[in-house]
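Remarks on the structure that follows.
Numbering (my numbering), first residue to last: 48 to 364.
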């Protein structure tokens, strides 16, 4: 937080903004890399901090704009990963076919842990990355089970007996059973001695680095950070109604950054409402940013022309 606060306005001869930008870029460069498991956690914490800073009207304007800018960069990366993950499914299926078992998540976890264990011979730091993943997945399983139990307890209080209620109880039981099974699998991994682990791997092909990156990205797609895109986009769209021109202009530029990696975002109804309001904005800089956004991407997606035709005509007239 202190680091980010120093990015507001230049203090004397020291300007922390380039340093913080490099910090953000380092996190984005290392996220979903098997040797840097903590990058995702740090980005998740950073995202919450950035949303808090630019949403608070009491925050210094320079810091609000900088926070919005950084969040736009993070949101664009999240969307890019979501788009590319869809294209990686064939490779994931291939890895699953080579791994024994019937729990996809557990199979991929095992394949990644095998890779890290094997690669630790040449890079000792991977031992700690491997331990981090095990601890993280164990916590995820525990959290999933606890969340399921809380939801079931709430439903027990709100609903009466019936077929639907019985089905919900059965679903909760399945989630609990799956969570316990995954936790048992991770405990067995921890207890396995290095010598015994090497014997277990003799009959299986360890995935290469590119495959390990795919696995990390696929597993991360089920975690909170990867699912934060809608939250971030909603927060950016919300500040389009701010009175501060600098914030509205920066928000439009953040949206352009996101749309650049996935133009289909323009088809969302909340995007259409947000862009429409800024096309008729009182500020010239905001209007220009909105026009630039549509001009760059509507032509690349002809199906969007009909959706934005009326507002474009309204802007021209």
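In this text, a Cβ means the ideal position worked out from N, Cα and C, and glycines have one as well.
None of the values given here were measured: they were computed from a predicted structure.
Check	Outcome
Element boundaries [alpha helix (DSSP H), containing residue 338]	331 to 344
Beta-carbon spacing of residue 283, residue 260 below 8 Å	no
Nearest-angstrom beta carbon gap, residue 177 and residue 308 [assumed within contact, 8 Å]	Wrong, their Cβ atoms sit about 31 Å apart, outside the cutoff.
Of the listed residues 225, 68, 84, nearest to residue 262 (C-alpha basis)	84
Which listed residue (272, 297, 290) has its alpha carbon closest to that of residue 129	272
Cα-Cα separation, residue 349 to residue 256	39 Å
Under 8 Å between C-beta atoms of residue 322 and residue 115	no
C-beta atoms of residue 294 and residue 71 nearer than 8 Å	no
Every unbroken alpha helix (DSSP H) within the segment 275 to 338, with a cutoff of 4 residues, ordered by chain	276 to 285, 292 to 308, 316 to 326
Beta-carbon proximity of residue 267 to residue 149, cut-off 8 Å	no
Cβ distance (whole Å) where residue 326 is taken to contact residue 305 below 8 Å	Rounded, the Cβ-Cβ distance is 18 Å, inconsistent with contact.
Cβ separation of residue 339 and residue 316, assumed to be a contact under 8 Å, to the nearest whole Å	About 21 Å separates the two Cβ atoms, so there is no contact after all.
Where residue 105 falls: helix, strand or coil (DSSP)	coil
Residues near residue 233 by beta carbon distance below 7 Å, same chain, minus five either side	181, 184, 185
Residue environment, residue 94, which counts as buried when at least 16 other CB atoms sit within 10 Å	buried
CA-to-CA distance, residue 76 to residue 162, given in whole angstroms	21 Å
Endpoints, alpha helix (DSSP H) assigned at residue 362	349 to 363
Exposure label - residue 81; buried when at least 16 CB within 10 Å	buried
Whole-angstrom C-beta distance between residue 160 and residue 167, which should lie under 8 Å	Between residue 160 and residue 167 the Cβ distance is about 11 Å, and since that is not below 8 Å, they are no contact.
Helix, strand or coil at residue 78 [DSSP, three-state]	coil
Nearest residue (CA-CA) to residue 319, options 358, 188, 342	358
Chain-order list of residues whose beta-carbon lies under 8 Å from that of residue 230 (same chain, five-residue window excluded)	185, 188, 189
Inter-residue spacing [alpha-carbon to alpha-carbon] between residue 313 and residue 343	11 Å
Span separating the alpha-carbon of residue 329 from that of residue 362	12 Å
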